[in-house]
Amino acid sequence: MVSVIGSLVAFVVALLIGGLAIFVSARLIVDVDDYSHATVTALLGAIAWALTSWIPLLGPILALIAWVWVINWRYPGGWGTAAAIGLIAWLAALVILLVLNAVLGLGVGAFGVPGT
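Right under this line is the structure:
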C-alpha cells in the first residue's frame, strides 16, 4: 500500500512540476496565467505523447508533433506560438528540476513535458 501511495504522490508532484513549467511558458509567451489550465495541458500532452511515441521509427517525431498540437489546441496563437510555449516550458522544467533535484535532492521529474 505504501508503494501505491508513494507512486501516486510522485505522479502528482511530477504533474504539478510539468504544469508549472507550461504555466511559466504560457505566461511569458501568450500572457495566460491559469495554473490549472497548464496542469491539464501537461496531462493531455503526456497522454498524447504516450499514445504516439511507441510507433516505430516515426514515434518520437509524431509524439513531439502531438504534444505541440495539444499546446496549440489549449492556448491562443498558431503552431509557432505553440512550439515556442513548448520550448520555453522544456527550459523552465529543466531549471525547476535542477533546483528541486540538485539543490534539494528530491529526485523528481516533470510529467507532461517531454525530455525532462
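In terms of my numbering, the sequence shown opens at residue 3 and continues consecutively.
Backbone N, C-alpha and C define an ideal beta-carbon position, used for all residues, glycine too.
Option nearest residue i by Cα separation, candidates the options
i: Ala16; options: Ala95, His39, Ser27 and Ala85; result: Ala95
i: Gly109; options: Ile98, Ile57 and Arg29; result: Ile98
i: Val32; options: Arg76, Trp71 and Leu102; result: Arg76
i: Leu30; options: Leu93, Leu106 and Thr118; result: Leu93
i: Pro130; options: Val6, Trp69, Val14 and Gly61; result: Nothing about residue 130 can be read from this structure; the chain reaches only from 3 to 118.
i: Gly114; options: Ile73, Val105, Ala104 and Val101; result: Ile73
i: Val34; options: Ala112, Leu102 and Pro78; result: Pro78
For this session: Could you name each continuous beta strand (DSSP E) segment of 3 residues or more that falls completely within the region 31 to 92, going from the start of the chain to the end?
Result: Runs of beta strand (DSSP E) with 3 or more residues, each lying fully within the region 31 to 92, are absent.
For this session: Determine contact between the region 73 to 88 and the region 50 to 58, defined as no fewer than three beta-carbon pairs at a distance below 8 Å.
Result: The region 73 to 88 makes no contact with the region 50 to 58; the number of CB pairs closer than 8 Å stays below 3.
Exercise. Just checking, does the region 37 to 47 make contact with the region 19 to 26 on the three C-beta pairs under 8 Å criterion?
Worked result: Under the three-pair Cβ rule at 8 Å, the region 37 to 47 counts as touching the region 19 to 26.
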